[in-house]
Amino acid sequence: TVKQSAQIQLLAQVAMGQYEMSQFRVFGAPNPDTDAHFFLTSSITDGISLNFPRFRSNEVDAAVADAISTDDATRRDEAYKKVNKILAEQLPCLWLGQDVWVVAARDKVGGLKGGLNGSVPGVTGRPWIASLWLSK
């Protein structure tokens with residue numbers, strides 16, 4: 065049975081673990097550190113949890129800890145490859161698609177910064193308005 069809910073009610077139910085299936089647009093940050101709380105064991109609580117499926121993995125926790133403890137890009141990449149492999153094998157979440165964002169502006173608009181991977185820095189296709197400026 066599909067049950068519609070107001071977004072705030074849906075978010076609360078999922079964060080409390082009171083759901084069977086839900087859909088969200090998350091896991092899109094250019095820097096995976098930003099999304100780590102969604103699958104870390106330490107994010108699981110008796111009440112509200114951002115680790116929605118309450119997925120527990122000491123291997124994921126260790127790999128994320130390794131990734132966030134270094135600035136070495138190769139080491140971070142290898143650590144997050146471990147995380148991806150575990151998530152792909154154990155499927156606490158099922159990724160059904162990926163949003164593609166485009167931000168375009170005239171040459172005189174400044175302050176549009178791309179992520180390290182060339183994407184928009186964030187999980188939406190909008191820039192931070194406070195960082196924008198216009199040249200004459």
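For the sequence shown, our numbering gives the first residue as 65, with consecutive numbering after it. Ideal Cβ positions, reconstructed from N, Cα and C, are used throughout, including at glycine.
Fill in: Limits of the unbroken alpha helix (DSSP H) element including Gln154
Gln154: member of the alpha helix (DSSP H) spanning 137-154, first to last residue.
Item to complete: Mind checking who Leu198 pairs with in its DSSP beta bridge?
Response: In DSSP, Leu198 forms a bridge with Val173.
Fill in: Cutoff 7 Å; reference Leu74; Cβ partners in own chain excluding five residues on either side
Ser86
Practice prompt. Could you tell me the distance, in whole angstroms, from the CA atom of Asp141 to the CA atom of Ala168?
Written response: 29 Å
Fill in: Coil, strand or helix - Pro96 by DSSP
Correct three-state label for Pro96: helix.
Fill in: The alpha helix (DSSP H) enclosing Asp130, as first and last residue numbers
122-132
Discussion item. Quick check on DSSP: helix, strand or coil for Leu160?
Written reply: coil
Worksheet entry | C-alpha gap between Asp136 and Val173, whole angstroms | 33 Å
Worksheet item: Between Met80 and Lys67, what straight-line distance do the alpha-carbon atoms span, to the nearest angstrom?
Response: Going from the Cα of Met80 to the Cα of Lys67 covers about 17 Å.
Item to complete: Evaluate Val124 with the Cβ neighbour count: other Cβ atoms within 10 Å of its Cβ, from every protein chain shown; 16 or more gives buried, anything less gives exposed.
Response: The residue is buried, with at least 16 neighbouring Cβ atoms inside 10 Å.
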